[in-house]
Structure formats: structure tokens, C-alpha cells
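Protein sequences appear in the order of chains A and B. In this text, residue positions in the first sequence follow the working numbering: the first is 1, and each later residue adds one. In this text, residue positions in the second sequence follow the working numbering: the first is 1, and each later residue adds one.
Protein chains: 2
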Amino acid sequence: MTKEPKDSANISPPRKSAGPKRTQAQRTEETTTALFEATMELMLSDGLSRLTTQAIAKKAGVSRGALTHHFQSREELIAEAIHHHLTALNEKLLAFAETMQRNETEVGAIADFLWKMMSGGVFYVTLEYLPEVRHNESLKARLVPVTKEFHNGLEAIWSHVAEKTSCDPKQASVILNMTMCLFRGMIAQTILRDDPDYYRDMLTQWKQILPVLLQREAGAPPSSSN
Amino acid sequence: MTKEPKDSANISPPRKSAGPKRTQAQRTEETTTALFEATMELMLSDGLSRLTTQAIAKKAGVSRGALTHHFQSREELIAEAIHHHLTALNEKLLAFAETMQRNETEVGAIADFLWKMMSGGVFYVTLEYLPEVRHNESLKARLVPVTKEFHNGLEAIWSHVAEKTSCDPKQASVILNMTMCLFRGMIAQTILRDDPDYYRDMLTQWKQILPVLLQREAGAPPSSSN
DNA sequence: ATTTCAAAACATTCATGTTTGTTTTGAAAT
DNA sequence: ATTTCAAAACAAACATGAATGTTTTGAAAT
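Given below as C-alpha cells:
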């Protein structure tokens, strides 16, 4: 009797004191979202390969039994957690797109918003599950639709930009998608190259280049060179 | 895309009957490089998380005992395999840099070379071990120097470009590093967005933009906007 | 001969999924 | 209203399997 394995006692805010009377739907909702959030936080902090169900349960403040009750497998939990995460991100994106319509927003500010959004851990998380997607068709099938929604959200932003800059919409789309790809590549590089000045320079330079690219050749069709 | 029917045509048989007279050093060299290559090939095809020592040994055509004889742990083998891989990549890069000095090479061709190099599986492999680097300080410490060499190889190319375009060297460096980041982000995106036209458009557009960016404002200092 | 390299068998660890048991909710019946 | 019962939510322990590291045995080179 040296120690009683009373888990969930000292980890994060205890779930027990949430309220004595909770409806069933509330209970499931609370624990599943707690598991989702714990999953994504641990994915960011420790990595997908170190993401064990016990760690998730512990962080979420529930038992492993509860976890297995709500999710058939570790893989399913992770897939749904990512889905949940991406859905929330999409909403953030659409909210910004709506804000843009009301207020005047220049491209530099848009770049800043996207950079802040991506570099704040979001793309590190993406880098965790992207390799898994490459080798897991079912996960890929599950995430492709949400990803498409994300791209739609971006396109909504792009089209606003195209309107204001009198740039060919399709071309504007390409250029702004480049922005996203650039950011992805930059964030990926931060892992092996710790050099804040390097990234700051690149970001400021790109913000200067962007309006130039968007204004030039409003009518000139892209010559199909090779 | 990824075809290497070159040396790994036969998986298992060749080791024993390879040659009756091999010096000790040769034996170790052959098996270790066989293990390195098997490691990297499997990392690309199956992913780091599915990379087991038994699979590596099998693919390399040696026993697991041989593997553990030469490497203290799975982690060490993987670390050295990546190191080996990056060293080979650096040599390829430097060879290209030298070729550039002799022949006239325009930026479009440089972009094509880099894109081909990266998109031919190299960056997929990077995406496999990058998350691990994030959570494994010792691996990071081991790879940072080789990565730095890689950046040096790129800078060698960049400086040649700067000479020919009469562009501020530092600015040329930033723009060309953007190119690399752009490519990284594009390749990462291919995993969840299978849309060849999308990437082709982006690549051709960027090749058109590149000379414009490199020629403009040879002396204009970057104003601290925003 | 003795040192190095390679193969096979063994042991350990660890995370998952499974099973069994307990508590809480919700609703029908009295 | 209270009681009773069923189903869902939660908890804890067990068992399987896979992968790593270790030890033992055998072969090839100096």
C-alpha cells in the first residue's frame, strides 16, 4: 500500500469538479474534445511518433478506458483530432476573409496574418502528420476533403485581393498560393536552421515583392514558354 | 519518378557470393553502405515510423545481427544513414555549381535543376526525419553541420547568379533562398493536394518572375515597411 | 591463432487492443 | 414522487504482438 495509482488527480484541471449534473451528450462532448485537444497539443510538443494513448488520456484528464470507449483505435482518435483541428482552422480563415470584405486590407497585412497563423505551431503540426498521410491511404482520404475546404478558404481571400489589384484572378491565385508554399518551406527550414534574421529578411522582402507581382501584366497572358 | 533498379536489383543473394576475396575494411564498408542505402530507400517508401531494423537488414541483404554489430542502435544507424545521404547530396550540388562556372546557365535552368533534385524524393525523405529532428536534440546536433554545408553549396550557386545579374549579392541570396523555400512548400503540399497542373503553373510562373526579381533595384535599399 | 565480421536464438520492453468491472445518467413503471 | 432497470460513460487490469537490444554460435580474414 505504498502508492495508490490515483491517476488524473494532479494532471491539469480535474475533470471531476466540472459539475455534478451533466447530461450524457455533454459528458461525451467534453471528454472527446478534451482528448482532441490533448492529442494535438502532444502532437506539437512531443511529436506524432511519441504520441501514446496513455499520454493522451493522462493529459486530457481521463482514463485510457474512457479513451477506448469513445474511439475504436488510436489511429481513429488521431484522425478525428486532426480533422477537428483543421475544421477550427478553417473557421479562423473564413472569419478573416469576412473581415477583409469589410475593412480595407492590403496584401502585406494578409501575408502577415497567414504567416502568423502558420508559424504559430500550425505547420509544425502539419509536418508531424504529413509523412503519415503519405503512407496511410485511409488517413489521407479522411483529410483530403478538409484540406480542400482550407484551400477554398484561401481562394476566398485570394479573390478579394484580385479584385482590388486589377490582377488576373487566376494569376493572383498562383502568386498567393506561392506565398503559402513559401511560408511552408520557411517554417520547415526553421527546424534545421535556427536563424531568425534569415526568415525576417525573407518575409519583409516578400511583402515588398508581392504588390509588384500583383500589379504587373494585368492583361499580358502567361506565355507558354516550354 | 523514383526508380532505382540500379544497384538494388537483387536484394538478398549477392552478399555471400559477391567475391571470395574481400578485405575486412571492404566487408564493413560494403555492408554499412548497403545498410545506409536500404535505410534511406525504406524511409522514402515506407516512412520513418515504419522503419524497422529487420526490414532494413532484409532489404540490405544482411542479417539483423550484422546490423547490430556495426551500429549500436537503430537510432545511430538512421542518423548515420541520413548523414551519408546528405553528404552525397552536397557533392551533387557542388558538382552542379562547378558546371555552372564553366557553362552559361540561366536562372530558369538552375530552378529546374533544384526542383528536379528536390522533388525526386529528396524532400519527401526530409519530411520524414524533420519531425524527428524537432524532438531529438542529439539527431539535430548531428545533422545541423551537414545541413550548413548544404546551405553553403547553395550559396555558391547563388553567388554565381548574383555576378551575372548585377544584383545585390545579399538580395540575390534572399530571392534564391525563397526559391528553395517555395519548392519545399510545394512538395509538402503535394502530399495532400494531388494536382500536377497547380504545381506546373506555379513553377513556370516562378521561373518567369525570377529574372524580374533579380534585375530590379540593384541599389534600392529595403525600406522597413509596415 | 586470434581478431573481426556475420548469423541466429533469446530476452525485454512497451504500446496497443481487449476484457472485465464500476459509476452515472435517463426513462419507464409503480 | 420513488423505484427499477437499461444503457452509456468511465476505470482498471490483462494479454498479445512487435520491435529493439543482447548473447551465443559460427565463419572469414589477418
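Beta carbons: idealized from backbone N, C-alpha and C, even for Gly.
Check                                                                                                                              : Outcome
Short-range partners of chain A found in the stretch 65-83 of chain B, where Cβ spacing is below 8 angstroms                       : none
Helix, strand or coil at T52(B) according to DSSP, with G and I counted as helix                                                   : coil
Spatial neighbours of P211(A) in its chain, beta-carbon cut-off 7 angstroms, leaving aside the 5 residues before and after         : V107
CA-to-CA distance, I78(B) to R57(B), given in whole angstroms                                                                      : The sequence as given places Ala at residue 57(B); Arg does not occur at that position. Roughly 12 angstroms separates the two Cα atoms.
Chain-ordered chain A contacts of L210(B) [CB-CB under 8 angstroms]                                                                : What L210(B) touches in chain A: nothing, since even the nearest Cβ is about 11 angstroms away.
C-alpha distance - K148(A) paired with P196(B), whole-angstrom precision                                                           : 15 angstroms
Spatial distance of W206(A) from E37(B) (CA atoms)                                                                                 : 38 angstroms
Beta-carbon neighbours of V247(A), restricted to chain B and to distances below 7 angstroms                                        : Outside the displayed span of chain A (1 to 226) sits residue 247(A), for which this structure offers no information.
Residue span of the alpha helix (DSSP H) that contains C181(B), given as start and end                                             : 169-190
Limits of the alpha helix (DSSP H) - the one that D46(B) falls within                                                              : 24-46
Boundaries of the alpha helix (DSSP H) in which F113(A) is found, first to last residue                                            : 107-117
Interface positions of the stretch 129-144 of chain A facing chain B (Cβ-Cβ less than 8 angstroms), listed along the chain         : L130, P131, E132, V133, R134, H135, K140, L143, V144
Closest Cα partner of V146(A) within the set A188(A), L86(A), S173(A), K170(A)                                                     : L86(A)
Among K116(B), I157(B), Y129(B), T204(B), the one whose alpha carbon lies nearest that of R102(B)                                  : I157(B)
Neighbour-count burial assignment, S138(A), 16 or more Cβ in a 10 Å radius                                                         : exposed
Separation of E155(A) from E98(A), as counted between CA atoms                                                                     : 13 angstroms
Given D201(A) as reference, the closest of F183(B), Q171(B), T190(B), L192(B) once Cα atoms are compared                           : Q171(B)
Secondary structure of N136(B), DSSP reduced to three states                                                                       : coil
Buried/exposed call for S225(B), threshold 16 Cβ in 10 Å                                                                           : For S225(B), the pLDDT reaches just 40, beneath the cut-off of 50, and the residue's location in the model is therefore unreliable, leaving the point undetermined.
Within-7 angstroms CB hit, C181(A) to chain B                                                                                      : yes
CB contact check: A218(A) to chain B, cutoff 7 angstroms                                                                           : Reliability of the predicted coordinates at A218(A) is poor, the pLDDT of 47 falling under 50, and no value is obtained from them.
Residues from the stretch 40-57 of chain A in contact with chain B, defined by Cβ distance under 9 angstroms                       : S45, D46, G47, L48, S49, R50
Stretch-stretch touch, CB-based, cutoff 8 angstroms, three pairs: the stretch 65-73 of chain B with the stretch 126-133 of chain B : no
Buried versus exposed call for K59(A) [16 or more other C-beta atoms within 10 Å across all chains shown]                          : buried
Exposed unless 16 or more other CB atoms sit within 10 angstroms - verdict on V144(B)                                              : exposed
Cβ neighbour criterion (16 or more within 10 Å) applied to L213(A)                                                                 : buried
Straight-line Cα distance separating W115(A) from T113(B)                                                                          : According to the sequence displayed, residue 113(B) carries Phe and not Thr. For F113(B) and W115(A), the distance between alpha carbons rounds to 28 angstroms.
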